[in-house]
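Heads up, the sequence shown is in our numbering, so the first residue is 1187 and it goes up one at a time.
Glycine included, every Cβ here is placed at the ideal spot set by N, Cα and C.
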Amino acid sequence: MSRTHHLEKAARYMLTGIAKAKPDDTVKDVLNRLYAPTPKIDTLDYVFVVDDAGTLLGTVSLKDLINKPFKKKMSQIMSRKLFYAHPDTDQEHVALIALRHRIKAVPVVDAQKKLLGSIPPRMIFDILHMEHTEDMLRLAGLSASGPGMRGAIRSGIVRMSMLRLPSLVIGIIGGLAATSVVETFQSSLESEILLAFFIPLILYLSSAAASQTGTILVRTLATERVNIRKYIVRELTIGVTIATLIGSIIFLIINFWHRSFLVALSIGLSLFISISFATVLGLFIPCMLQKFKKDPAVSGGPIITVMEDIIALVIYFSVASIILI
């Protein structure tokens, strides 16, 4: 296992000095042990109930332990709903376990469910901060991962330049492709120069729609348990609704402003189709990335932006050519 690989696993954040109890221990027994000066406790968010073999059976929060009668046994007050990680669980998944199940600390067990340690809240906060930083840098197009990504901000001029260049090269390729699309429809532009004025509007709204849809989906997949089919149908409906509203509004504005029904129709219809397609793209790419075990957070980066720009231009000029020529 590489050092980078190991650094992003649950074992890195696990503390072994945790409070344990047996099922037949009473609340008083456990409290007396915790008050004693001898045990070394690194974190005390839960008391973990284990059997003689060390297998995790349940958890008792510190609040419940203090508020329960002294004679109550741990087996009577423990929560049997177990949410845990393994030593090789990815750090991001550890944070998601805590978020999804609303637990303060995440126990770590081996393949036989023997308790090894616990990941406390402060470590979970550290993981969330690091993952957020990594996602933001990746969205900006930096071509690194893991600790290398998070250390990029403090890296030297040469390394920082190398990290930024790949996404900009993608932008160059995409920009040349978009220029080629405009060249292909040069006759449409020459016959109706007004179309050129609205290219930025088409590109911005389409890219924004794709980015919104993709970002919301990525966060939903990460933090919620949803029926993906129902979610996709819902998002598609929202996307088409937004596309209809924006297309209609722009049609009315341009028709009133420039007194050109066909140009207004071309732009309004192009926006409707582009935003609808952008919604599909914003849903499709994260789902495919997740299916192939890739980080769906990259869906908001330069690649999807370039793709959507090219597709939006093709739609825009195709619709305009059909209506105006």
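How is residue i classed by DSSP in three states: helix, strand or coil?
i	result
L1375	helix
T1430	helix
D1211	coil
K1254	coil
S1485	Summary for S1485: the model assigns pLDDT 48, below 50, so the residue's position carries little reliability; its value from the coordinates is reported in the next sentence. Helix.
K1480	coil
K1195	strand
S1393	helix
K1299	coil
Based on Cα-Cα distance, which residue from the options lies nearest to residue i?
i	options	result
P1306	E1320, A1284, D1296 and M1316	A1284
M1493	L1389, E1421 and T1423	L1389
D1495	L1387, R1350, L1403 and A1450	L1387
E1410	S1247, F1256 and A1281	A1281
V1512	I1204, S1392, L1455 and R1445	Past the edges of the chain, shown from 1187 to 1511, lies residue 1512, and the structure says nothing about it.
V1449	M1260, K1195 and S1507	S1507
S1247	L1302, T1241, S1377 and L1217	L1217
K1195	F1234, A1222, E1278 and I1263	E1278
I1289	R1308, P1273, I1428 and D1276	R1308
Residues bridged to residue i by DSSP?
i	result
S1247	Y1232
V1292	I1305
K1206	F1234
D1312	Partner(s): none; D1312 has no beta bridge.
A1271	V1294
L1242	V1236
L1217	Per DSSP, none; premise fails for L1217.
D1276	K1195
S1265	T1245
Within 10 Å of its beta-carbon, does residue i have 16 or more other beta-carbons around it, so buried, or fewer, so exposed?
i	result
L1251	buried
V1419	exposed
T1245	buried
S1374	buried
T1202	exposed
D1238	exposed
S1452	buried
R1445	exposed
I1459	buried
V1344	exposed
Q1298	exposed
A1498	buried
I1501	buried
K1254	buried
**Report entry** Segment contact, 8 angstroms Cβ cut-off, at least three pairs: the region 1454-1474 with the region 1394-1401
**Finding:** yes
Three or more C-beta pairs under 8 angstroms: does that hold for the region 1468-1475 against the region 1404-1420? These segments touch.
- Message: Does the structure place the region 1250-1269 close enough to the region 1315-1322 that three or more beta carbon pairs sit under 8 angstroms?
- Response: no
For the pair the region 1285-1294 and the region 1227-1235, tell me if three or more CB-CB distances fall below 8 angstroms. yes
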